[in-house]
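Going letter by letter, the sequence shown gives residues 10 to 281 in the numbering used here.
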Amino acid sequence: IENILRTCSFSYERRVHEIMNLFDITGKKAIVTGGTRGLGYGMAEGFLEAGCEVAIVGTSDKVYEVAEDFQKRGFSCYGVKGNLGEREDVYRVFRECVEKLGGDLDILLTAHGIQRRHSAEEFPMEEWDEVIGVNLTSVFILCQEAGKLMLKKGYGKIITIASMNSFFGGQTIPAYAAAKGGVAQLTKELTNDWLARGVNVNAIAPGYMATEMNKALLDPENPRFASISERIPAHRWGTGEDMKGTAIFLASHASDYVSGAVIPVDGGYLVK
């Protein structure tokens, strides 16, 4: 009986070890844009906690402070400042991130984005161009540059950030909705081009999250706050913590046969 128990225990421990290895991203090199706050911060923190080396991108000097805070916690994190609304700066930011990561890249997560709100008939074209440039064009450039590196070694994980507005039209956000619809379709197209060559491309579609971007919606005086909150089966808005698990899954070998997916992390909002 002791031998049987010992054999069963060994077999169980080995199986647990194999399962844990599926999700192991220790030592992987990652870029996380928008990594100084909100959902991007949460996912960058998740990668660092899981043993990744991470270059985070932000638009202000805060990116250096956030990176330093992570370093003080014992993590390998580097800050890169840049304007992802300027095409040439997107290329520079990517190059600098890769340099800080020692010339290699395993994971790209594009969590940056901006929001502008006007009714469609009044939406200024300069703000349309701004939102499309930051939320869609820069995402393609970053994916393209990451793809060039990853395809050479036959391995890579790219994670884009879609939105509930990749499924719905939204309201007073025509540029954002168009950009996030584009991110979802771009994710599928890149999969068709790259999956057979070892690069997975997936999107996470966050639900309604308690972030700075949703500040206007989070105002209890806003009538949409109540209607949105009532539709969430989880009975709460999401946070960056809620994004960590899905991000790690998509960054690991556990998702090797998953690509072109747009995965809602929404507390059940879509099915209500």
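By construction, the Cβ of each residue, glycine as well, lies at the ideal position given by its N, Cα and C atoms.
Beta-carbon gap between residue 249 and residue 51 smaller than 8 Å: Position 240 of the sequence shown, counted from the start, is the residue given in the question as residue 249. Position 42 of the sequence shown, counted from the start, is the residue given in the question as residue 51. Closer than 8 Å, so yes.
Do three or more CB pairs link the stretch 202-211 to the stretch 236-250 at distances below 8 Å? no
Per-residue burial, residue 201 [other beta carbons within 10 Å of its own, 16 or more giving buried]: Within the sequence shown, the letter at position 192 stands for residue 201. Residue 201 comes out exposed.
Where the beta strand (DSSP E) through residue 72 begins and ends: Stepping through the sequence shown from its first residue, residue 72 is reached at position 63. Unbroken run through residue 72 is the alpha helix (DSSP H), 71-81; no beta strand (DSSP E).
Buried or exposed by the 16-neighbour rule on C-beta atoms within 10 Å, applied to residue 268: Here residue 268 is taken as the residue at index 259 of the sequence shown, counted from 1. It counts as buried.
Considering just the uninterrupted stretch of the alpha helix (DSSP H) at residue 223, what are its terminal residues? Your numbering for residue 223 matches position 214 in the sequence shown. No alpha helix (DSSP H) contains residue 223, which DSSP labels as neither H nor E.
In this structure, how does DSSP classify residue 281 when only helix, strand and coil are distinguished? On the sequence shown, position 272 is the one that residue 281 refers to. In the structure shown, residue 281 sits in coil (DSSP, three-state: anything other than H, G, I, E or B).
Taking the DSSP output, what are the residues bridged to residue 86? The residue given as residue 86 occupies position 77 in the sequence shown. Paired residue(s): 63.
Going by beta-carbon coordinates alone, are residue 121 and residue 143 separated by less than 8 Å? As a position in the sequence shown, residue 121 is number 112, starting the count at 1. As a position in the sequence shown, residue 143 is number 134, starting the count at 1. It is a contact, given that the beta carbons lie within the stated cut-off.
Just to confirm, does residue 224 get its C-beta within under 7 Å of one of the non-hydrogen atoms of the ligand FAD? Looking for the ligand FAD in the displayed structure turns up nothing, as the structure carries no ligands at all.
Between which two residues does the alpha helix (DSSP H) holding residue 9 run? A question about residue 9 goes unanswered here, because the residues of the chain that appear run from 10 up to 281.
Residue burial classification, residue 275 (beta-carbon count within 10 angstroms, cutoff 16): Looking up residue 275 in the sequence shown gives position 266. Looking at its Cβ environment, which holds 16 or more other Cβ atoms inside 10 Å, residue 275 is buried.
If the criterion is Cβ atoms closer than 8 Å, does the pair residue 119 and residue 158 meet it? To locate residue 119, count along the sequence shown from 1; it is residue 110. To locate residue 158, count along the sequence shown from 1; it is residue 149. In this structure, residue 158 does not lie closer than 8 Å to residue 119 by Cβ.
Cβ-Cβ distance between residue 104 and residue 221 below 8 Å: By 1-based counting over the sequence shown, the position of residue 104 is 95. By 1-based counting over the sequence shown, the position of residue 221 is 212. No, the Cβ-Cβ distance between residue 104 and residue 221 is not below 8 Å.
Which residues in the same chain have their Cβ closer than 6 Å to the Cβ of residue 34, if we skip the five residues on either side of it in sequence? Indexing the sequence shown from 1 puts residue 34 at position 25. Cβ neighbours of residue 34 beyond the five flanking positions: 59, 61, 260, 261.
Taking contact to mean at least 3 C-beta pairs separated by less than 8 Å, is the stretch 165-183 in contact with the stretch 212-219? yes
By how many angstroms is the C-alpha of residue 148 removed from the C-alpha of residue 64? What you label residue 64 is simply residue 55 of the sequence shown in a count that begins at 1. What you label residue 148 is simply residue 139 of the sequence shown in a count that begins at 1. About 16 Å.
State buried or exposed for residue 251, treating a residue as buried only when at least 16 other CB atoms are found within 10 Å of its CB. As a position in the sequence shown, residue 251 is number 242, starting the count at 1. Flag for residue 251 reads buried.
So, at 6 Å on beta carbons, what are the nonlocal neighbours of residue 85 in its own chain, with the 5 sequence-adjacent residues on each side left out? Walking along the sequence shown from the start, residue 85 turns up at place 76. Correct list, in chain order: 62.
Tell me, please, which residues DSSP counts as bridged to residue 218. Locating residue 218 in the sequence shown gives position 209, where the first residue counts as 1. 247.
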